[in-house]
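Residue numbering for the sequence shown is 719 to 865, as defined by my numbering. Below is one structure, written out as structure tokens; comments come after it.
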Amino acid sequence: MISNPPQTFRTKVEFKCETDYTDTGVFWVLQELNGELHFITYVTSRSKEITGTLEGYKAIKTGSYYQLTIASFEENHEGIYFCVRHRNQKLLFSSGIPVHLPVKTTTVLSTTPQQISTTTKGLIKEEGIKCPNSTNIGQQMELMEFT
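Written as structure tokens, this is what we have:
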């Protein structure tokens, strides 16, 4: 669960991941919008944090919850967040939580058709904008939910 989705940059964002197995730690992973996966941190069952190379994150364990906090949300924090647990030689991923700023809406200007003269040597072709497919985030292997 994300407790306060970001509306602007430089705001605090918190995630909570609950698991039935409190005797093992949890990894936090970020999948960027371009598909790259990054290790954020690992939190042991005793709340000891082992950090990765990404900056701006803090993680703790409280009861059966593992919490990840971004103190100041920036553009490089946008992506899909997962908590991952290692159990019985398997990595179990939570469902992903996409986190990004709301898309700004723009007004589309109306266009008037232009007449092409017989001296025009080519046609103007507009291409659509291609967006990365961030919906292919994998499948949940065992019940482990953000709450």
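Beta carbons are placed, not taken as given, at the ideal position from N, Cα and C, and that holds for glycine. No experiment lies behind these values; they were computed from the predicted model shown.
- Less than 8 Å separates the beta-carbon of Phe791 from that of Val731.
- In the DSSP assignment, Glu792 falls outside any beta strand (DSSP E) and carries neither an H nor an E.
- Glu773 carries a coil assignment under DSSP once its states are collapsed to helix, strand and coil.
- With a cut-off of 8 Å on Cβ pairs, the stretch 809-818 is not in contact with the stretch 761-778, counting fewer than three such pairs.
- Within its own chain, the residues whose Cβ lies closer than 8 Å to the Cβ of Leu755, once the five positions on either side in sequence are excluded, are Val747, Leu748, Gln749, listed in chain order.
- By a beta-carbon distance limit of 8 Å, Ser782 does not contact Thr742. Their separation comes to about 12 Å.
- Listed as beta-bridge partners of His804 by DSSP are Leu809.
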